[in-house]
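In the UniProt record's numbering, the protein residues as written are 1 to 240. Data first, discussion second: the structure below is written as structure tokens.
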């Protein structure tokens with residue numbers, strides 16, 4: 001049996017994976033790890049202290065997760081592995097080259113405590129035509145507080161598209177989260193819709209969105225979608 005438990009601490013989000021991990025139940029872990037990134041945490045600590053292995057190769061999923069978290073939301077990932085066999089498997093598979101591995105959760109949390117937290121701004125948006133305008137105001141305000149000038153216009157265009165899509169396709173309230181790390185400005189919009197973004201031809205006559213994902217691709221360093229049990233998060237990252 002496998003269990004995944006997520007705990008939010010001041011310095012990190014801890015995802016505890018306990019029990020027998022196999023290729024058959026790895027999707028459960030992937031879903032928990034993806035959800036852990038939604039609020040742009042300072043660090044994600046993957047607690048494998050009570051993990052039992054059947055197939056070592058499945059551990060490569062944690063290296064893939066670390067690469068994904070580095071893209072968005074720029075979040076470091078640390079691994080705690082009390083079992084020496086698990087640590088040796090992580091080393092053998094090269095997971096420890098991209099993701100630091102610690103001998104227990106206490107040591108991993110001590111390391112996490114020394115990693116600076118990102119600056120974050122959260123704003124809940126109504127499912128109305130005015131939501132994209134509110135999102136642009138939020139971006140301008142956050143960038144002004146953080147002393148950013150160069151990416152503001154592009155960030156406004158991106159959140160206009162993200163929020164317009166949420167209003168049009170999800171039909172409910174959405175949540176805008178903006179965070180700033182060393183090199184990147186991270187933008188994300190969470191909504192309750194299960195439909196994934198689809199490339200559509202841009203509509204130059206429309207101010208509130210309609211430019212399509214081509215605009216996001218052109219202006220962002222990267223973008224993607226994180227499906228959740230209820231809804232999804234669509235994110236974009238920009239160099240500051």
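Don't be surprised by glycine CBs; every beta carbon is placed ideally from N, CA and C. Computed from a predicted model, the values in this text were never measured in an experiment.
Reference residue i; option with closest CA among the options
i           : options           : result
residue 190 : 98, 11, 174       : 174
residue 110 : 68, 65, 12        : 12
residue 99  : 128, 40, 39, 65   : 65
residue 178 : 234, 168, 127     : 234
residue 86  : 165, 169, 17      : 17
residue 88  : 67, 57, 120       : 57
residue 240 : 146, 229, 225     : 146
residue 127 : 165, 225, 63      : 165
residue 48  : 71, 67, 106, 72   : 106
residue 225 : 138, 112, 72, 137 : 72
Whole-angstrom C-beta distance between residue j and residue i, which should lie under 8 Å
i           : j           : result
residue 148 : residue 185 : 7 Å
residue 213 : residue 197 : 6 Å
residue 273 : residue 167 : Past the edges of the chain, shown from 1 to 240, lies residue 273, and the structure says nothing about it.
residue 7   : residue 32  : So it is not a contact: roughly 11 Å between Cβ atoms.
Same chain, Cβ closer than 7 Å to residue i, five either side skipped, listed in chain order
i           : result
residue 124 : 173, 175
residue 216 : 158, 161, 223, 236
residue 154 : 219, 238
Own chain residues within Cβ distance below 8 Å of residue i, not counting five before or after
i           : result
residue 116 : 42
residue 19  : 1, 2, 3, 50, 51, 52
residue 114 : none
Beta-carbon contacts of residue i that lie in its chain and below 6 Å, excluding the five residues immediately before and after
i           : result
residue 61  : 26
residue 188 : 177, 233, 235
residue 108 : 45, 78, 80, 102
Under 8 Å between C-beta atoms of residue i and residue j
i           : j           : result
residue 243 : residue 69  : Only positions 1 to 240 of the chain appear in this structure, which leaves residue 243 out of reach.
residue 81  : residue 93  : no
residue 193 : residue 231 : yes
residue 34  : residue 181 : no
residue 55  : residue 76  : no
residue 59  : residue 15  : no
residue 135 : residue 163 : yes
residue 84  : residue 46  : no
residue 150 : residue 140 : no
residue 195 : residue 169 : yes
residue 40  : residue 120 : yes
Residue burial classification, residue i (beta-carbon count within 10 angstroms, cutoff 16)
i           : result
residue 207 : At residue 207 the pLDDT is 47, less than 50, meaning the model places this residue with poor confidence; the figure from the coordinates comes in the next sentence. Flag for residue 207 reads exposed.
residue 209 : Any reading at residue 209 must be qualified, since the residue scores a pLDDT of 48, below 50, and its modelled position is unreliable; no value is offered.
residue 10  : exposed
residue 104 : exposed
residue 122 : exposed
residue 131 : buried
residue 118 : buried
Chain C within 8 Å of residue i, Cβ atoms only
i           : result
residue 192 : The chain inventory of the structure shown lacks chain C, comprising one protein chain alone.
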